[in-house]
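Quick notes on the structure that follows.
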Amino acid sequence: AAAVRGIRSCKGFISSTRRCSHSVALKPQYDAIIIGGGHNGLIASAYLQKGGLKTAVLERRHVLGGAAVSEEIIPGFHFSRASYLLSLLRPHICQDLELTKHGLKVYMRDPHSFTPILEEGVGGRPPRSLLLGADLAKSQEEIGKFSEKDAKVYPDFLTHLERLACAIHPLLDAPPVDIPGVTQGSLRKRISALRSLKPLVKSGLKLGKNIPDLYELITAPVMKVLNRWFESEPLRATLATDSVIGANTSPNNPGSGYVLLHHVMGELEKEKGAWGYVEGGMGGVSQSIARSARSLGADIFTEREVEQVLIGQDGSARGVVLKDGTEVSSKVVLSNATPYITFKQLTPQDALPEAFITAVDQIDYSSPVTKINVALDRLPNFLAAPNTRDGKPGPHHQCSIHLNCESVEVLEDAYREGQLGRPSSRPMLEMTIPSVLDPTLAPRGCHVVSIFTQFTPYLLEGRRAWTNEDRERFAETVFDWIERYAPGFKKSIVGKDILAPPDLEKVFGLTGGNIFHGSMSLDQLYLARPLPSIADYRSPVKGLYLCGSGSHPGGGVMGAAGWNAALTVLSDFKRR
1 AAAVRGIRSC KGFISSTRRC SHSVALKPQY DAIIIGGGHN GLIASAYLQK
51 GGLKTAVLER RHVLGGAAVS EEIIPGFHFS RASYLLSLLR PHICQDLELT
101 KHGLKVYMRD PHSFTPILEE GVGGRPPRSL LLGADLAKSQ EEIGKFSEKD
151 AKVYPDFLTH LERLACAIHP LLDAPPVDIP GVTQGSLRKR ISALRSLKPL
201 VKSGLKLGKN IPDLYELITA PVMKVLNRWF ESEPLRATLA TDSVIGANTS
251 PNNPGSGYVL LHHVMGELEK EKGAWGYVEG GMGGVSQSIA RSARSLGADI
301 FTEREVEQVL IGQDGSARGV VLKDGTEVSS KVVLSNATPY ITFKQLTPQD
351 ALPEAFITAV DQIDYSSPVT KINVALDRLP NFLAAPNTRD GKPGPHHQCS
401 IHLNCESVEV LEDAYREGQL GRPSSRPMLE MTIPSVLDPT LAPRGCHVVS
451 IFTQFTPYLL EGRRAWTNED RERFAETVFD WIERYAPGFK KSIVGKDILA
501 PPDLEKVFGL TGGNIFHGSM SLDQLYLARP LPSIADYRSP VKGLYLCGSG
551 SHPGGGVMGA AGWNAALTVL SDFKRR
């Protein structure tokens with residue numbers, strides 16, 4: 001530990017743990033070019049290549065993965081620097097691309113949620129906590145510490161959510177309904193477009209009499225739903241965190257229920273709602289996708305930043321020009337960047353309708369998130385679950401650890417403060433320690449910690465940019481709160497990496513710092529993601545497509561946008 005502590009002076013050192021080495025030269029012409037090597041872009045490249053299109057991926061950074069990257073920020077410590085948990089990677093993509101064969105290894109978490117309570121212990125006992133996992137009986141026992149009624153109905157609640165989530169799956173794995181195709185053109189084209197209704201019909205049939213329940217969940221404040229089921233604050237607050245995680249909203253705001261549903265739609269190793277840690281960090285999943293795509297013949301490059309999409313005389317996309325002036329032609333271009341970057345920075349403005357540009361300006365990218373990555377020289381020791389003498393991790397250490405989540409009112413106060421343009425003085429914290437399951441991430445006896453914090457504004461007081469002093473001050477606030485739950489935490493810090501919303505935008509290209517490539521609000525979902533006119537992945541420029549999380553089904557549903565976009569492109573090629 002002393003040796004590790006000696007590297008505190010190296011906090012500014014940043015290097016990639018998984019630099020992309022690719023001996024293939026960039027060709028002057030491809031069938032398809034993908035801007036951005038995030039997971040959706042990489043998945044799109046694999047499926048396009050499988051479909052017979054020679055494809056190149058051009059990533060501006062030195063490391064592949066977009067937000068799903070692994071980086072050695074502090075020497076010897078490897079972090080999932082942005083995205084930090086795996087769940088919503090679509091199972092058929094894992095199977096199609098043989099990701100396990102190409103190196104993907106996931107550590108399953110059970111239990112998965114730990115909420116310690118900030119209170120004085122009674123009779124020499126530690127403070128209470130809530131530990132939830134796959135073992136339903138154990139979860140009920142934990143909930144029973146706060147409410148026997150809640151413990152009894154908890155299984156019914158899970159069954160209810162799973163029923164709704166399963167019904168949504170057909171909509172994730174297909175493009176939205178082709179409204180123009182169904183309503184315009186020849187009778188033959190309209191009949192053909194009716195096939196796009198199949199996932200919606202399938203979803204409706206699965207829901208059956210539960211259609212009103214789904215409608216209520218996705219439109220109502222999540223607290224309206226949770227209050228009907230439960231009475232204990234720690235359980236309601238713990239569940240409510242999943243309704244606001246990454247979203248600039250409150251559990252009492254309409255539409256927050258969808259984000260909760262979004263987070264129970266996941267699946268890992270055939271276990272519904274499961275989340276896990278990727279070995280080597282989240283870059284491991286991106287690297288496995290890249291290996292699969294390369295094995296199929298895709299060319300993938302890093303440090304190749306695209307300056308602009310090339311537009312032909314006929315008004316269609318004809319390739320790209322790089323920052324260094326290199327021109328690469330192609331039949332189609334897919335952008336894994338946000339819609340804002342795609343249409344405001346990469347596409348010539350005279351190639352787009354003025355009304356469309358105005359609509360792009362209205363897309364909501366507000367973000368409440370500051371991500372803090374921390375290297376520790378010891379395992380955190382929580383008052384609510386003290387470490388054993390042998391120092392081995394307990395079951396709670398592998399969980400998503402919810403701090404400042406004792407009550408919904410605490411979450412609401414944090415939200416209100418953020419809306420006033422101030423970082424929350426008692427922020428909502430989701431803390432994970434992946435190194436307790438994955439020994440490849442840190443030196444022996446040391447740990448990497450991911451802290452996902454809310455609520456922090458993009459501009460302080462609505463007008464002022466973040467300074468290093470602001471970042472340090474907020475990080476100190478976060479560490480002070482963790483210290484109250486786990487004394488000794490601050491002394492164990494070896495180094496840190498603070499990413500406020502503007503940093504998430506600058507480093508990862510996340511407009512506004514929004515982790516979903518655009519808010520997951522009801523006005524920006526399904527037929528309206530990112531805009532009604534381009535919900536089918538096709539842009540106003542012929543041959544230019546979106547393939548990132550800014551399009552349906554949105555951020556978090558790993559790979560679905562890339563898969564759907566690739567199918568759309570291949571379908572268009574067949575019509576040529």
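Numbering (full-length UniProt numbering), first residue to last: 1 to 576.
Cβ atoms here follow ideal geometry from the backbone N, Cα and C, with glycine treated the same way.
Please state whether the Cβ-Cβ distance between residue 411 and residue 237 is less than 8 Å.
Here residue 411 is taken as the residue at index 411 of the sequence shown, counted from 1. Here residue 237 is taken as the residue at index 237 of the sequence shown, counted from 1. Yes, the Cβ-Cβ distance between residue 411 and residue 237 is below 8 Å.
Which whole runs of the alpha helix (DSSP H) in the segment 337 to 392 are 4 residues long or more, in chain order?
Whole alpha helix (DSSP H) segments, 4+ residues: 354 to 361.
So, helix, strand or coil for residue 184, using DSSP?
Residue numbering aside, residue 184 sits at position 184 when the sequence shown is read from its first letter. Three-state result, residue 184: coil.
Spatial neighbours of residue 564 within its chain, please: C-beta separation below 6 Å, excluding the five flanking residues on both sides.
Here residue 564 refers to the residue found at position 564 of the sequence shown. So the qualifying residues of the chain are 175.
Are the segment 61 to 74 and the segment 472 to 492 touching, with three or more C-beta to C-beta distances below 8 Å?
Touching, no, given that fewer than three Cβ pairs across the two stretches are closer than 8 Å.
Straight-line CA distance for residue 330 to residue 109?
Counting from 1 along the sequence shown, the entry for residue 330 is found at position 330. Counting from 1 along the sequence shown, the entry for residue 109 is found at position 109. When rounded, the distance between both Cα atoms is 43 Å.
Check the C-beta distance from residue 566 over to residue 48 and give it rounded, since I have them as a contact under 8 Å.
Counting from 1 along the sequence shown, the entry for residue 566 is found at position 566. Counting from 1 along the sequence shown, the entry for residue 48 is found at position 48. Their Cβ separation, rounded to whole angstroms, is 5 Å, which keeps residue 566 and residue 48 in contact under 8 Å.
Nearest-angstrom Cα distance between residue 394 and residue 50?
Start at 1 with the first residue of the sequence shown, and residue 394 comes out as number 394. Start at 1 with the first residue of the sequence shown, and residue 50 comes out as number 50. The alpha-carbon atoms of residue 394 and residue 50 are separated by roughly 44 Å.
Going by the DSSP bridge assignment, what does residue 538 pair with across the sheet?
Here residue 538 refers to the residue found at position 538 when the sequence shown is read from its first residue. Answer is 545, bridged to residue 538.
For the beta strand (DSSP E) holding residue 307, just list the boundary residues, first then last.
Taking the sequence shown and counting its residues from 1, one reaches residue 307 at position 307. Per DSSP, residue 307 belongs to the beta strand (DSSP E) from 306 to 311.
Is it a yes or a no for the segment 274 to 289 touching the segment 27 to 35, going by three-plus beta-carbon pairs under 8 Å?
Result no; under three Cβ-Cβ pairs closer than 8 Å.
Would you call residue 215 buried or exposed, if buried means 16 or more other Cβ atoms sit within 10 Å of its Cβ?
Position 215 of the sequence shown holds residue 215. With fewer than 16 other Cβ atoms within 10 Å, it is exposed.
Quick one: Cα of residue 328 to Cα of residue 349, how far?
In the sequence shown, counting from the first residue as 1, residue 328 sits at position 328. In the sequence shown, counting from the first residue as 1, residue 349 sits at position 349. Each residue's alpha carbon lies about 20 Å from the other.
Identify every run of the beta strand (DSSP E) within the segment 120 to 201, keeping only runs that are complete inside it and at least 3 residues long; order them along the chain.
Fully enclosed beta strand (DSSP E) runs of 3 or longer: 129 to 132.
Would the beta-carbon of residue 512 fall within 8 Å of that of residue 530?
In the sequence shown, counting from the first residue as 1, residue 512 sits at position 512. In the sequence shown, counting from the first residue as 1, residue 530 sits at position 530. No; because the gap between Cβ atoms is not below 8 Å, this pair is not in contact.
Assess, as a yes-or-no matter, whether the segment 357 to 366 is touched by the segment 423 to 437 under the definition of 3 or more beta carbon pairs within less than 8 Å.
Result no; under three Cβ-Cβ pairs closer than 8 Å.
Report the partner residues of residue 65 according to the DSSP bridge assignment.
Translated into positions along the sequence shown, residue 65 becomes position 65. Paired residues: 38.
To the nearest angstrom, report how far apart residue 55 and residue 532 are at their CA atoms.
Within the sequence shown, numbered from 1, the residue matching residue 55 stands at position 55. Within the sequence shown, numbered from 1, the residue matching residue 532 stands at position 532. Distance between the alpha carbons of residue 55 and residue 532: 28 Å.
Is it buried or exposed for residue 505, if we count other Cβ within 10 angstroms and need 16 for buried?
By one-based count along the sequence shown, residue 505 stands at place 505. Buried, by the Cβ-count rule.
Grab me the residues of residue 204's own chain with a C-beta within less than 7 Å of its C-beta, minus the 5 sequence neighbours each way, in chain order.
By 1-based counting over the sequence shown, the position of residue 204 is 204. 211, listed in sequence order.
On the criterion of 16 or more Cβ atoms from any shown chain inside 10 Å, does residue 137 qualify as buried, or is it exposed?
As a position in the sequence shown, residue 137 is number 137, starting the count at 1. It counts as exposed.
Pull up the distance between the alpha-carbon of residue 65 and that of residue 38, whole angstroms please.
Here residue 65 is taken as the residue at index 65 of the sequence shown, counted from 1. Here residue 38 is taken as the residue at index 38 of the sequence shown, counted from 1. Spanning the two alpha carbons is a distance of roughly 4 Å.
When burial is assigned at 16 or more other CB atoms within 10 Å of the CB, is residue 119 buried or exposed?
Taking the sequence shown and counting its residues from 1, the one referred to as residue 119 is at position 119. Flag for residue 119 reads exposed.
For residue 322 versus residue 333, is the C-beta spacing smaller than 8 Å?
Residue mapping note: residue 322 aligns to position 322 of the sequence shown, counting from 1. Residue mapping note: residue 333 aligns to position 333 of the sequence shown, counting from 1. Going by C-beta atoms, residue 322 is not nearer than 8 Å to residue 333.
Nearest-angstrom Cα distance between residue 337 and residue 250?
Here residue 337 refers to the residue found at position 337 of the sequence shown. Here residue 250 refers to the residue found at position 250 of the sequence shown. Each residue's alpha carbon lies about 27 Å from the other.
By DSSP's criteria, residue 322 is part of a beta bridge. Which residues make up the other side?
As a working mapping, residue 322 is identified with position 322 in the sequence shown. Note: residue 322 sits in a beta bridge opposite 306.
Closest by CA to residue 243, which one among 188, 476, 75, 161?
Working through the sequence shown from its first residue, we reach residue 243 at position 243. Minimum Cα distance to residue 243 is reached at 161.
Give the secondary structure of residue 332 by DSSP, where H, G and I count as helix, E and B as strand, and everything else as coil.
For the purposes of this step, residue 332 is taken as residue 332 along the sequence shown, with counting starting at 1. It is a strand residue.
Could you check if residue 4 is buried or exposed, using at least 16 other CB atoms within 10 Å of its CB as the buried criterion?
In the sequence shown, counting from the first residue as 1, residue 4 sits at position 4. Confidence at residue 4 is low in this model, with a pLDDT of 37, below 50, so the placement of that residue should be treated as unreliable; the coordinate-derived value is given next. Buried: at least 16 other Cβ atoms inside 10 Å.
If you check the beta carbons only, do residue 302 and residue 255 fall under 8 Å apart?
The sequence position of residue 302 within the sequence shown is 302, counting from 1. The sequence position of residue 255 within the sequence shown is 255, counting from 1. Going by C-beta atoms, residue 302 is not nearer than 8 Å to residue 255.
Could you tell me the distance, in whole angstroms, from the CA atom of residue 588 to the CA atom of residue 275?
With the chain covering only 1 through 576, there is no way to say anything about residue 588.
Between 522, 57, 468, 44, which has its C-alpha nearest residue 24's C-alpha?
Working through the sequence shown from its first residue, we reach residue 24 at position 24. The candidate whose alpha carbon is nearest that of residue 24 is 57.
Go ahead and pull the three-state DSSP assignment for residue 223.
The sequence position of residue 223 within the sequence shown is 223, counting from 1. If DSSP states are grouped into helix, strand and coil, residue 223 belongs with the helices.
Please state if the CB of residue 396 and the CB of residue 385 are separated by a distance shorter than 8 Å.
For the purposes of this step, residue 385 is identified with residue 385 of the sequence shown, where counting begins at 1. For the purposes of this step, residue 396 is identified with residue 396 of the sequence shown, where counting begins at 1. In this structure, residue 396 lies closer than 8 Å to residue 385 by Cβ.
Of all the options 455, 392, 442, 400, which has the alpha carbon lying nearest to the alpha carbon of residue 423?
Along the sequence shown, read from residue 1 onward, the residue named residue 423 stands at position 423. The shortest C-alpha separation from residue 423 is found at 455.
Residues in its own chain within less than 7 Å of residue 288 by CB, not counting five upstream and five downstream?
Taking the sequence shown and counting its residues from 1, one reaches residue 288 at position 288. Result list for residue 288: 99, 102, 103, 104, in chain order.
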